[in-house]
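Residue numbering for the sequence shown follows numbering that gives the first Met the number 0, beginning at 0 and increasing consecutively.
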Amino acid sequence: MGEKGRVLHVDDQQQIRYLFCDFVDEFQYDFAVDTAPDGDEALDMIDGSTYDCIITDQEMPKVTGLELVRNLEERPVSIPVVVFTSVGDKETLAELRGADVSGVYTKGDIGYQELLSNVNSIVKAQTDSTAPQQQTDESPKSTQISAPFSESI
Numbered sequence: 000m001g002e003k004g005r006v007l008h009v010d011d012q013q014q015i016r017y018l019f020c021d022f023v024d025e026f027q028y029d030f031a032v033d034t035a036p037d038g039d040e041a042l043d044m045i046d047g048s049t050y051d052c053i054i055t056d057q058e059m060p061k062v063t064g065l066e067l068v069r070n071l072e073e074r075p076v077s078i079p080v081v082v083f084t085s086v087g088d089k090e091t092l093a094e095l096r097g098a099d100v101s102g103v104y105t106k107g108d109i110g111y112q113e114l115l116s117n118v119n120s121i122v123k124a125q126t127d128s129t130a131p132q133q134q135t136d137e138s139p140k141s142t143q144i145s146a147p148f149s150e151s152i
């Protein structure tokens with residue numbers, strides 16, 4: 000197995016960030032987790048570190064999940080992004096699905112174990128590859144994961 004991966008979890012709700020970290024610890028996933036309370040702080044953290052995957056909420060102060068994704072699309076490196084959100088209008092969710100993300104999930108439609116299993120697959124693909132953890136534009140942008148997208152929001 001490759002080296003231990005790193006994931007950045009971005010959510011404005013502290014309890015969600017804590018719960019996510021607890022699940023990672025409890026189920027002993029092979030990646031470390033950093034957290035950020037909003038997209039603005041996440042961008043600062045991304046500038047100073049290397050991540051194998053980013054999990055972001057959509058509705059956050061300062062920089063939304065979609066704005067974070069758009070900012071990342073303009074950078075020379077590609078980091079797989081998974082959006083995990085409880086709110087969002089259909090138009091925003093459709094924009095997210097059309098963006099360069101590895102998955103868009105609504106809280107309640109997918110549990111933490113399933114989310115973490117999908118994220119673990121992404122991290123494993125990133126860390127097991129012979130390419131650098133953050134890929135260049137010539138490399139594939141993301142590892143696709145499959146799960147149903149809920150239109151119920």
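Every residue gets a Cβ at the ideal spot worked out from N, C-alpha and C, and that includes glycine.
On a predicted model such as this, the values are computed, not experimentally measured, just so you know.
Check, Outcome
"Closer than 6 Å: Leu7 CB and nearest the ligand MN heavy atom", "As presented, the structure is devoid of all ligands, the ligand MN included, so that no description of it is given."
"Cα-Cα separation between Thr202 and Ala124, rounded to whole angstroms", "The structure shown does not extend to residue 202, since the chain spans only 0 to 152, so no value can be given for it."
"CA-to-CA distance, Asp37 to Leu7, given in whole angstroms", "11 Å"
"7 Å CB neighbourhood of Asn70 in its chain, flanking five on each side removed", "Leu42"
"Straight-line gap, Val118 to Gln57 (C-alpha atoms, nearest Å)", "17 Å"
"Option nearest Val81 by Cα separation, candidates Glu2, Lys3, Asp10", "Asp10"
"Per DSSP, cross-strand counterpart(s) of Asp33", "Leu7"
"Span separating the alpha-carbon of Ser120 from that of Gly4", "11 Å"
"Of the listed residues Ser128, Leu115, Thr126, nearest to Phe26 (C-alpha basis)", "Leu115"
"C-alpha gap between Glu2 and Val32, whole angstroms", "14 Å"
"Cβ-based neighbour list, Gly54, same chain, cut-off 6 Å, excluding 5 preceding and 5 following", "Correcting the residue identity first, residue 54 is Ile in this sequence and not Gly. Counting only Cβ-Cβ distances below 6 Å, and skipping sequence neighbours, we find His8, Val81, Phe83."
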